[in-house]
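A short worksheet on the structure shown next.
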């Protein structure tokens with residue numbers, strides 16, 4: 116229902132309230148331009164986060180600002196026109212659209228009319244040295260003459276200094292106008308007083324500032340909202356015609372209807388196209404999701420000899436015999452070949468032994484290339500049944516023959532609705548596979564961490580080469596360094612205080628992460644994922660990610676079995692297939708592909724922050740069911756979730772996973788980092804010139820420090836803004852079970868190990884403490900008995916236990932033994948809340964999940 120005429124004529128016509136006086140042929144003066152800009156530009160006040168700038172583009176109350184100014188806002192924001200003047204107006208607005216890619220957001224003031232609005236100009240008229248004017252509120256409230264008042268608007272003039280293009284399209288307008296924090300979202304006006312850009316950021320003190328050009332703003336405004344949920348179609352009925360429906364909503368008043376079409380694609384096949392017809396605000400078409408039913412496929416990994424030499428690819432689900440029993444590839448998990456007798460582990464957990472026959476030359480599809488492989492010569496074969504390639508349904512909106520928006524969703528598996536993307540851009544990533552929602556539970560205590568033998572209180576362990584990155588694995592036992600010159604990952608075992616293993620790298624340009632018992636390496640040039648075991652240190656799986664874009668980032672919890680997050684998509688660690696998680700906007704890309712993110716040890720909470728823009732933001736992403744919810748606050752700086760995801764450690768104290776403070780004094784801890792396991796954490800002070808910098812150790816839940824490490828200096832300098840790529844969060848690792856704090860100096864070629872026994876310091880401190888020091892069994896089989904002895908560490912010797920919530924039949928004994936006769940029909944997850952008290956009245960809650968499987 117929305118189409119913009121060529122050259123933005125329609126919008127220009129709708130915004131006549133800001134046009135020059137009829138009959139004037141000359142251009143407006145700078146003073147006149149400033150008056151127009153001031154009248155239509157608003158101060159943006161985002162509760163609890165910061166400030167920015169917005170400007171009106173339609174008299175009915177539509178305002179434009181930067182997406183980062185209103186990021187994470189769930190309610191309303193305050194807009195103030197003519198602040199500090201007698202004509203000041205305070206308005207409440209809601210975010211109706213936000214696009215992180217272009218950093219643009221559209222706000223709507225409900226009930227407003229006849230607001231002063233600005234007209235959009237043309238990107239084609241932009242040129243270097245052209246005069247421009249920017250309006251905004253630099254430094255936010257800092258320039259207000261009274262704390263209780265809003266600041267007056269600032270108007271600055273300058274010129275265009277560069278036009279920055281990408282793929283022959285204007286991406287940014289560089290200006291030398293004086294703007295800073297608080298100007299974000301303000302208009303850049305040309306010598307006709309028309310909008311040619313939106314201030315987005317710059318380099319402080321360098322007169323190098325950037326604005327989103329008007330061509331991208333037009334595209335952002337042109338795109339209608341498309342609501343599209345495909346029909347639920349059982350796999351057996353994908354060849355039968357069904358009706359697809361979509362609804363379209365325009366964001367700008369008076370816009371005409373676009374044309375819509377449906378694209379249906381299975382896997383990598385060419386999409387089939389079906390025009391959609393409009394009736395009563397709904398577009399519809401009837402079509403069969405699949406033209407033909409595909410053959411069943413399996414993934415085969417063949418290992419030859421005793422080493423890691425092997426190949427992984429896909430093939431048709433064929434038949435073999437083991438011990439005379441006929442088996443399909445898909446019914447076999449692993450086949451260990453022997454000269455006279457082979458052993459097959461089946462998908463149902465049983466085994467079959469005997470001679471293996473029927474294996475010979477098969478055609479393997481390895482990332483699009485087909486090879487003949489003799490499976491009879493393999494020492495070991497692993498098979499994995501592949502789900503049929505999903506059907507991707509895409510609704511595309513066009514205006515004047517040009518694509519202005521699309522929304523894409525998946526039919527097979529759980530339906531995932533995707534938001535519309537403007538200007539013909541494909542939905543992010545082109546993900547083409549899905550995996551089950553469940554993540555295999557993990558118990559970090561299965562990886563033992565013990566204190567290493569050290570010669571002194573401070574020991575230097577040198578690495579064989581300079582590292583460029585580090586990841587934590589094994590629940591905190593391993594520091595895994597990238598050594599690009601040697602083309603290896605070095606696995607530093609904290610319990611041994613040395614590098615104990617090396618993993619080969621197929622290429623230098625990689626990204627990687629680690630979990631409880633594996634390392635996942637992303638080969639960027641090859642576009643491939645590799646999973647290496649931290650137990651056998653052998654390659655376990657190799658294959659492409661389920662998207663076609665360049666591989667950029669990988670994240671997962673260091674004590675978890677996933678999810679593995681690649682380019683912002685949640686993947687199953689075992690299969691590399693996408694899991695059906697979505698964020699609050701119903702997008703299956705949870706965050707940007709190149710975002711800087713840090714995971715809790717258990718992989719349930721992810722922290723991120725951005726202090727390059729005004730207002731600065733601190734963010735967490737929390738897995739709640741199948742939705743990953745986003746929580747944002749301002750000015751907390753770094754955001755590192757603790758090992759259990761319940762507490763987030765920031766540059767300004769601690770907070771909950773939703774970034775709320777349980778106590779105002781939680782800020783008093785200062786610059787905090789968590790331990791890799793347990794409830795301990797550190798507060799750091801900065802060093803100067805590579806010298807000094809101290810640690811203070813705390814136990815979560817106790818305000819007083821348990822120890823100040825006066826003789827242990829970390830030598831790291833930080834300014835508290837946390838803008839560096841390799842800050843203290845990647846250089847300080849507190850491993851209480853190993854009784855060490857590991858520090859990585861700026862030389863990136865050594866590990867400093869400081870001895871520190873946190874448990875002994877806690878006993879010596881005299882503090883009254885109470886904490887649960889055990890982890891429950893992660894899983895139990897239906898019909899089997901469940902038993903969990905809760906271990907508590909406390910100053911008091913008299914402890915009582917109470918089961919506040921749990922499945923029917925569960926009980927806890929006086930000495931803390933949790934038992935449950937698990938019913939055969941109790942499949943699924945069961946939440947448990949256990950309260951633990953000491954004789955002084957101190958209480959802690961032990962919450963955990965019991966997963967019941969077959």
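Residue numbers (this note's numbering): 116 to 969.
For every residue, glycine included, the Cβ atom is placed at its ideal position computed from N, Cα and C.
Worksheet item: Which whole-angstrom value describes the C-beta separation of residue 272 and residue 310, a residue pair presumed to lie in contact below a C-beta threshold of 8 angstroms?
Response: At roughly 15 angstroms, the Cβ-Cβ gap does not stay under 8 angstroms, so residue 272 and residue 310 are not in contact.
Worksheet entry | Three or more C-beta pairs below 8 angstroms linking the stretch 857 to 871 and the stretch 569 to 585 | yes
Worksheet item: Is it right to say residue 182 is buried, meaning 16 or more other beta carbons lie within 10 angstroms of its own, or is it exposed?
Response: buried
Fill in: Straight-line gap, residue 387 to residue 506 (C-alpha atoms, nearest Å)
11 angstroms
Worksheet item: How big is the Cα-Cα spacing for residue 695 and residue 630?
Response: 20 angstroms
Item to complete: Under the assumption that residue 961 contacts residue 844 (Cβ atoms under 8 angstroms), give the Cβ distance between them as a whole number of angstroms.
Response: Not really, about 27 angstroms apart at Cβ, beyond 8 angstroms.
Worksheet item: So, using beta-carbon positions, are residue 587 and residue 400 closer together than 8 angstroms?
Response: no
Fill in: Assigned secondary structure, residue 341 (DSSP; H/G/I helix, E/B strand, else coil)
strand
Practice prompt. Look at the Cβ atom of residue 184, then the Cβ atom of residue 220, and state whether they are nearer than 8 angstroms.
Written response: yes
Practice prompt. Assign residue 292 to one of two classes, buried (16 or more other C-beta atoms within 10 Å of its C-beta) or exposed (fewer than that).
Written response: buried
Worksheet item: Per DSSP, what kind of secondary structure is residue 784 in: helix, strand or coil?
Response: In the three-state scheme derived from DSSP, where H, G and I count as helix and E and B as strand, residue 784 is classed as helix.
Worksheet item: Any idea what DSSP makes of residue 286, helix, strand or coil?
Response: It is a strand residue.
Worksheet item: Would you call the stretch 885 to 892 and the stretch 818 to 829 touching, i.e. three or more CB-CB distances under 8 angstroms?
Response: As far as the Cβ criterion goes, the stretch 885 to 892 does not touch the stretch 818 to 829, which means the pair count is below three.
Worksheet item: What distance in whole Å lies between the Cβ atoms of residue 865 and residue 609, which are believed to be in contact at a cut-off of 8 angstroms?
Response: Contact annotation, residue 609 with residue 865: C-beta distance approximately 14 angstroms; criterion of less than 8 angstroms not satisfied.
Discussion item. From the DSSP secondary-structure annotation, give me the bridge partner or partners of residue 755.
Written reply: 764
Fill in: Nearest neighbour of residue 266, chosen from 316, 153, 238 [CA to CA]
153
Worksheet item: What is the DSSP secondary structure of residue 738, reduced to helix, strand or coil?
Response: Three-state result, residue 738: strand.
Fill in: Euclidean distance between Cα positions of residue 745 and residue 762
15 angstroms
Item to complete: Going by DSSP, name the residue or residues bridged to residue 78.
Response: Here the chain covers residues 116 to 969 and nothing more, so residue 78 does not appear.
Worksheet item: Quick one: Cα of residue 348 to Cα of residue 383, how far?
Response: 20 angstroms
Fill in: Exposed unless 16 or more other CB atoms sit within 10 angstroms - verdict on residue 186
With 16 or more other Cβ atoms within 10 Å, it is buried.
Discussion item. Between which two residues does the alpha helix (DSSP H) holding residue 153 run?
Written reply: Its alpha helix (DSSP H) spans residues 145 to 155.
Discussion item. Mapping the DSSP letters down to three states, classify residue 440 as helix, strand or coil.
Written reply: strand
Worksheet item: Who are the Cβ neighbours of residue 191 in its own chain at under 6 angstroms, not counting the five residues just before and after it?
Response: 207, 209
Fill in: Per-residue DSSP class, three states only, for residue 814
Per DSSP, reduced to three states, the secondary structure at residue 814 is strand.
Worksheet item: Should the stretch 511 to 522 be regarded as contacting the stretch 349 to 356, the criterion being three or more beta carbon pairs within less than 8 angstroms?
Response: no
Worksheet item: Anyone know if the C-beta pair for residue 660 and residue 618 falls short of 8 angstroms?
Response: no
Discussion item. Along the chain, where does the alpha helix (DSSP H) containing residue 877 start, and where does it finish?
Written reply: For residue 877, the enclosing alpha helix (DSSP H) has its first and last residue at 873 to 880.
Discussion item. Can you give me the C-alpha to C-alpha distance between residue 963 and residue 624, rounded to a whole angstrom?
Written reply: 39 angstroms
Worksheet item: Three-state secondary structure (DSSP) at residue 844?
Response: In the three-state reduction of the DSSP assignment, residue 844 falls in the helix class, which pools H, G and I.
Practice prompt. Give the range of the beta strand (DSSP E) segment to which residue 242 is assigned.
Written response: Note, residue 242: premise wrong, no beta strand (DSSP E); not H, not E.
Worksheet item: Going by DSSP, what residues sit across from residue 165 in a beta bridge?
Response: 161
Worksheet item: Bridge partners of residue 335, per DSSP?
Response: Residue 335 is bridged by DSSP to nothing; it lacks a bridge partner.
Practice prompt. Give me the Cβ distance between residue 488 and residue 477, rounded to the nearest whole Å; I'm assuming they're in contact under 8 angstroms.
Written response: 6 angstroms
Discussion item. Quick check on the DSSP output: the beta strand (DSSP E) that includes residue 560 runs from which residue to which?
Written reply: No beta strand (DSSP E) contains residue 560, which DSSP labels as neither H nor E.
Worksheet item: Grouping DSSP H, G and I as helix and E and B as strand, with all else coil, what is residue 491?
Response: helix
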